[in-house]
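Enquirer: Protein chains in written order, with my numbering: chain S, 1 to 370; chain A, 1 to 374. The structure is given below, and queries will be raised subsequently.
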């Protein structure tokens with residue numbers, strides 16, 4: 001690949017549409033901020049969505065409580081998808097063992113608050129996030145030299161190693177798992193318990209919003225640009241002076257930390273974990289969430305996580321056929337929207353003025369390659 | 001576990017390890033071929049294998065009519081009848097798996113490559129109408145009828161969309177593969193007569209001890225598996241190295257664009273690649289049922305992951321690498337399980353992979369389908 005080709009790859013937008021995001025950013029500041037505020041408020045009102053006429057039919061989950069679904073699954077999956085999006089979408093590293101970090105987070109909370117100590121949940125969370133981050137670094141250091149699909153199979157192995165180790169280690173509760181895990185502390189009128197799922201939802205949504213804010217800053221920083229460069233062409237990035245290994249490791253660590261955070265939320269909610277909560281298939285579901293939403297687009301990851309978590313519950317009426325429906329839906333979405341539901345969009349300023357979508361394959365296509 | 005026990009069972013472990021490794025290697029060939037040509041992890045290959053085991057089962061019980069048990073005994077056959085039954089089973093597995101792999105390519109992958117695809121359009125149109133009809137009725141026959149009626153108009157529309165000729169990003173292929181894999185496994189689980197239960201396959205081969213090897217009794221089914229796998233692999237290597245079509249496969253593996261310019265029908269070569277992988281998986285499926293006498297809708301997943309590990313271990317895209325990786329993995333798993341205990345079997349497989357990749361980042365033999373040193 002010549003240098004001019006490399007330049008083209010780096011500057012080529014993934015998708016050339018002006019979406020809703022552009023229109024919103026063109027609005028005056030006051031209306032923009034009020035739109036964002038309105039959106040956030042409506043998110044916090046989500047537990048009452050099923051009572052709204054049209055929306056209610058759309059989001060209803062027959063057979064299970066809507067609140068339960070959004071707190072148990074949607075919030076967790078969205079957070080996980082956000083974290084995995086850093087690794088897969090921003091840095092372009094295919095991680096098929098992401099469930100490992102999620103499990104590490106949940107298990108640290110379990111061990112520290114029930115199995116071996118009695119620390120409160122809030123104290124466990126930072127420790128769990130730190131340990132997950134460390135796990136990311138430990139896995140990343142030897143393996144990030146590998147490229148592409150080699151990394152994928154190694155990370156897949158890592159997820160499985162974590163699960164089997166937890167299954168066989170007695171001090172982690174073995175296959176019986178850990179029960180009576182601490183729950184988050186009550187905040188004023190929000191009482192965390194089994195009766196009301198809403199406090200968990202508010203907590204989870206707040207964590208997601210903070211994560212989104214944090215990731216947004218990160219994406220537009222030097223680190224984010226370095227990830228962009230590594231994803232588009234690792235050799236070119238290295239050539240331009242980007243310390244690729246360091247930034248790949250950062251992506252791994254930050255992704256792992258967010259995965260661990262999701263694990264702590266999960267442990268605090270269900271209060272009982274065992275190794276069968278963290279199967280290999282879950283990793284694959286997480287990847288599906290990220291790609292389904294739109295690789296590299298944070299809003300895509302949010303949407304993908306929500307869809308993957310919510311869809312099987314929405315179609316509970318299909319009974320045992322819902323997983324089949326999910327599989328068919330994955331194929332169909334990929335066939336008709338290969339870039340995901342909300343494709344990644346590179347800012348207008350960076351577009352080459354005369355760039356046109358090429359008909360032949362591009363750098364990250366399935367068949368053609370340099 | 002004490003040392004003498006390992007020593008006593010060492011050759012025993014070796015024989016079973018080589019037999020298991022041969023099955024891994026045959027399935028790994030499918031991953032390696034497709035990866036070599038398309039740079040794509042064919043995640044649904046494991047389900048092609050699973051479908052093959054069911055094809056073997058149906059061939060034996062429905063077409064040939066062998067019962068699971070005859071008067072309380074296994075339905076053993078001998079001589080010419082036995083050979084004929086085994087051949088029929090392996091051919092059944094190979095045909096169904098091969099066809100399944102080709103269909104998979106045309107439905108889940110080719111539309112993503114942006115070439116107009118009739119079969120894919122029809123199957124996807126049917127799948128969408130059929131799935132949508134599940135919302136309204138749970139009556140399978142009615143679903144089928146609605147699906148068939150809706151297929152014709154929708155497939156025309158789909159075909160038009162496929163003709164736009166846009167190439168999807170690599171990850172889209174992976175997710176499409178995962179979706180197809182889920183759909184195939186679930187379809188078998190839902191619409192097979194005994195749902196998600198385990199199926200026994202008829203045991204026509206009496207598993208006698210054939211000969212003694214260094215103090216270990218070698219059973220005949222292991223010998224058949226190993227010999228069969230070697231034959232299949234030799235045939236595949238000869239095909240890829242010696243025939244015109246095989247040269248096409250190698251050309252596409254080297255450089256798609258150049259191969260296209262030089263007149264290679266790339267889509268056909270890709271189809272052949274999938275067919276070869278499927279046929280190998282079908283043979284592996286028959287050998288699997290020969291040794292383990294059982295199948296289930298989800299047996300593909302873990303075996304597929306292991307086989308892909310084997311392919312990566314040997315050097316993905318490399319046919320000899322798949323063989324070597326399969327054997328190393330099968331043996332390593334067996335020895336490791338004897339030393340550390342059976343529950344660590346899968347951990348050992350992945351740690352082995354990690355260690356190998358740390359020292360040889362492209363597998364033991366490296367990638368080389370393209371370099372013709374197959």
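No residue lacks a Cβ here, since even glycine has one placed at the ideal position from N, Cα and C.
Exposed or buried, residue 98 of chain S, counting other C-beta atoms within 10 Å across all chains shown (16 or more means buried)?
Expert: For the purposes of this step, residue 98 of chain S is identified with residue 98 of the first chain, where counting begins at 1. The residue in question, residue 98 of chain S, is buried, as its Cβ has 16 or more Cβ neighbours within 10 Å.
Enquirer: What number of angstroms, rounded off, separates the C-alpha of residue 257 of chain S from the C-alpha of residue 42 of chain A?
Expert: In the first chain, residue 257 of chain S corresponds to position 257, counting from 1. In the second chain, residue 42 of chain A corresponds to position 42, counting from 1. Cα to Cα, the separation comes out at about 30 Å.
Enquirer: State the start and end residues of the unbroken beta strand (DSSP E) segment that holds residue 41 of chain S.
Expert: In the first chain, residue 41 of chain S corresponds to position 41, counting from 1. Careful: residue 41 of chain S lies outside any beta strand (DSSP E), inside the alpha helix (DSSP H) at 29-44.
Enquirer: Name the chain A residues whose beta carbon is nearer than 8 Å to that of residue 295 of chain S?
Expert: As a working mapping, residue 295 of chain S is identified with position 295 in the first chain. Under the 8 Å cutoff, chain A gives 169 and 171.
Enquirer: Please check if any C-beta of chain A sits within less than 7 Å of the C-beta of residue 91 of chain S.
Expert: On the first chain, residue 91 of chain S is found 91 positions in, with the first residue counted as 1. False, the Cβ-Cβ gap to chain A never drops below 7 Å.
Enquirer: So within the stretch 204-283 of chain A, which uninterrupted alpha helix (DSSP H) runs reach at least 4 residues, ignoring any that extend past its ends?
Expert: Counting whole runs of 4 or more residues, the stretch 204-283 of chain A contains the alpha helix (DSSP H) stretches 220-242, 244-254 and 256-261.
Enquirer: Does the CB of residue 50 of chain A have a neighbour CB from chain S at under 7 Å?
Expert: Along the second chain, read from residue 1 onward, the residue named residue 50 of chain A stands at position 50. Cβ-Cβ to chain S under 7 Å: no for residue 50 of chain A.
Enquirer: Does any C-beta atom of chain A lie closer than 7 Å to the C-beta of residue 164 of chain S?
Expert: To locate residue 164 of chain S, count along the first chain from 1; it is residue 164. At least one chain A Cβ lies under 7 Å of residue 164 of chain S.
Enquirer: At a CB-CB cut-off below 7 Å, which residues of chain S make contact with residue 178 of chain A?
Expert: Here residue 178 of chain A corresponds to residue number 178 of the second chain, with the count starting at 1. The answer, in chain order, is 284, 288 and 330.
Enquirer: Out of curiosity, what's the CA-to-CA distance linking residue 112 of chain S and residue 24 of chain S?
Expert: The count along the first chain starts at 1 and reaches residue 112 of chain S at position 112. The count along the first chain starts at 1 and reaches residue 24 of chain S at position 24. Cα-Cα distance, rounded: 45 Å.
Enquirer: Using DSSP with H/G/I as helix, E/B as strand and the rest coil, what is residue 294 of chain A?
Expert: What you label residue 294 of chain A is simply residue 294 of the second chain in a count that begins at 1. Three-state DSSP puts residue 294 of chain A in a strand.
Enquirer: Run down chain A in chain order and give the residues with a C-beta less than 7 Å from the C-beta of residue 160 of chain S.
Expert: The count along the first chain starts at 1 and reaches residue 160 of chain S at position 160. Going along chain A in sequence order, the residues near residue 160 of chain S (Cβ under 7 Å) are 346 and 350.
Enquirer: According to DSSP, is residue 132 of chain S part of a helix, a strand, or is it coil?
Expert: As a working note, residue 132 of chain S is residue 132 in the first chain. Three-state result, residue 132 of chain S: helix.
Enquirer: Using the three-state DSSP reduction, which class does residue 226 of chain S fall into: helix, strand or coil?
Expert: Residue mapping note: residue 226 of chain S aligns to position 226 of the first chain, counting from 1. It is helical.
Enquirer: If you reduce the DSSP assignment to three classes, tell me which class residue 144 of chain S lands in.
Expert: Taking the first residue of the first chain as position 1, residue 144 of chain S is located at position 144. Coil at residue 144 of chain S, not helix or strand.
Enquirer: Between S/27, S/299, S/290 and S/44, which has its C-alpha nearest residue 308 of chain S's C-alpha?
Expert: By one-based count along the first chain, residue 308 of chain S stands at place 308. The residue with the shortest Cα to Cα distance from residue 308 of chain S is S/290.
Enquirer: Below 8 Å on the Cβ atoms is my guess for residue 109 of chain A versus residue 176 of chain A; work out the distance and round it to an integer in Å.
Expert: As a working mapping, residue 109 of chain A is identified with position 109 in the second chain. As a working mapping, residue 176 of chain A is identified with position 176 in the second chain. The pair is a contact, with the Cβ atoms about 7 Å apart (cut-off 8 Å).
Enquirer: Taking a cut of 7 Å between CB atoms, which residues from the stretch 117-132 of chain A lie near chain S?
Expert: 124, 127, 128 and 131
Enquirer: With a threshold of 16 other CB atoms inside 10 Å of the CB of residue 31 of chain A, please say whether the residue is buried or exposed.
Expert: As a working mapping, residue 31 of chain A is identified with position 31 in the second chain. Residue 31 of chain A is buried by the Cβ-count criterion.
Enquirer: Check whether the stretch 275-287 of chain S and the stretch 45-52 of chain S touch, using three or more Cβ-Cβ pairs below 8 Å as the test.
Expert: no
Enquirer: Where does residue 349 of chain S land, buried or exposed, given buried means 16+ other C-beta within 10 angstroms?
Expert: Position 349 of the first chain, counted from the first residue, corresponds to residue 349 of chain S. Here the model assigns residue 349 of chain S a pLDDT of 44, short of 50, so the residue's position is not dependable, and the following value carries that caveat. Exposed: under 16 other Cβ atoms inside 10 Å.
Enquirer: Going by DSSP, what residue range makes up the alpha helix (DSSP H) through residue 294 of chain S?
Expert: For the purposes of this step, residue 294 of chain S is taken as residue 294 along the first chain, with counting starting at 1. Taken as a continuous stretch (DSSP letters only), residue 294 of chain S belongs to no alpha helix (DSSP H), as it is neither H nor E.
Enquirer: So, is the C-beta of residue 137 of chain A closer than 7 Å to a C-beta in chain S?
Expert: Within the second chain, residue 137 of chain A is the residue found at index 137, counting from 1. Not an interface residue.
Enquirer: I'd like to confirm the pairing. Which residues does DSSP put opposite residue 178 of chain S in its beta bridges?
Expert: Residue mapping note: residue 178 of chain S aligns to position 178 of the first chain, counting from 1. For residue 178 of chain S, DSSP records a beta bridge to S/273.
Enquirer: Just reading off the alpha helix (DSSP H) that residue 66 of chain S is part of, what are its end residues?
Expert: The residue you call residue 66 of chain S lines up with position 66 of the first chain. Note, residue 66 of chain S: alpha helix (DSSP H), 66-69.
Enquirer: Suppose you measure from the CA of residue 152 of chain S to the CA of residue 39 of chain S; what does that come to, to the nearest Å?
Expert: Residue 152 of chain S sits at position 152 when you count from the first residue of the first chain. Residue 39 of chain S sits at position 39 when you count from the first residue of the first chain. Cα-Cα distance, rounded: 36 Å.
Enquirer: Can the beta-carbon of residue 208 of chain S be found less than 7 Å from the beta-carbon of residue 303 of chain S?
Expert: Numbered from its first residue, the first chain carries residue 208 of chain S at position 208. Numbered from its first residue, the first chain carries residue 303 of chain S at position 303. Using a Cβ distance threshold of 7 Å, residue 208 of chain S and residue 303 of chain S do not count as a contacting pair.
Enquirer: Out of curiosity, what's the CA-to-CA distance linking residue 112 of chain A and residue 37 of chain A?
Expert: As a working note, residue 112 of chain A is residue 112 in the second chain. As a working note, residue 37 of chain A is residue 37 in the second chain. Each residue's Cα considered, the two are about 16 Å apart.
Enquirer: Can you tell me which of A/74, A/211, A/284 and A/219 puts its alpha carbon nearest to the alpha carbon of residue 94 of chain A?
Expert: The residue you call residue 94 of chain A lines up with position 94 of the second chain. For the residues A/74, A/211, A/284 and A/219, the minimum Cα distance to residue 94 of chain A belongs to A/284.
Enquirer: Going by C-alpha to C-alpha distance, which of A/50, A/39, A/65 and A/9 sits closest to residue 280 of chain A?
Expert: Locating residue 280 of chain A in the second chain gives position 280, where the first residue counts as 1. Among A/50, A/39, A/65 and A/9, the Cα nearest to that of residue 280 of chain A is on A/50.
Enquirer: Under the DSSP definition of a beta bridge, which residues are partnered with residue 187 of chain S?
Expert: Within the first chain, the letter at position 187 stands for residue 187 of chain S. Paired residue(s): S/190.
Enquirer: Please classify residue 76 of chain A: does DSSP put it in a helix, a strand, or coil?
Expert: By one-based count along the second chain, residue 76 of chain A stands at place 76. DSSP places residue 76 of chain A in coil when its eight states are reduced to three.
Enquirer: What separation, rounded to the nearest whole angstrom, lies between the Cα atoms of residue 242 of chain S and residue 140 of chain S?
Expert: Here residue 242 of chain S is taken as the residue at index 242 of the first chain, counted from 1. Here residue 140 of chain S is taken as the residue at index 140 of the first chain, counted from 1. Their backbone Cα atoms lie some 18 Å apart in a straight line.
Enquirer: Please look up how many angstroms separate the CB atoms of residue 282 of chain A and residue 97 of chain A, rounded, as I've assumed it's under 8 Å.
Expert: Mapped onto the second chain, residue 282 of chain A falls at position 282. Mapped onto the second chain, residue 97 of chain A falls at position 97. The beta-carbon separation of residue 282 of chain A and residue 97 of chain A, rounded to 3 Å, stays under the 8 Å limit for a contact.
Enquirer: Let me see if you follow: with CB-CB separation under 7 Å, is residue 449 of chain S close to chain A or not?
Expert: Residue 449 of chain S is absent from the structure shown; chain S starts at 1 and stops at 370.
Enquirer: Is there at least one Cβ from chain S nearer than 7 Å to residue 55 of chain A's Cβ?
Expert: Taking the first residue of the second chain as position 1, residue 55 of chain A is located at position 55. Cβ-Cβ to chain S under 7 Å: no for residue 55 of chain A.
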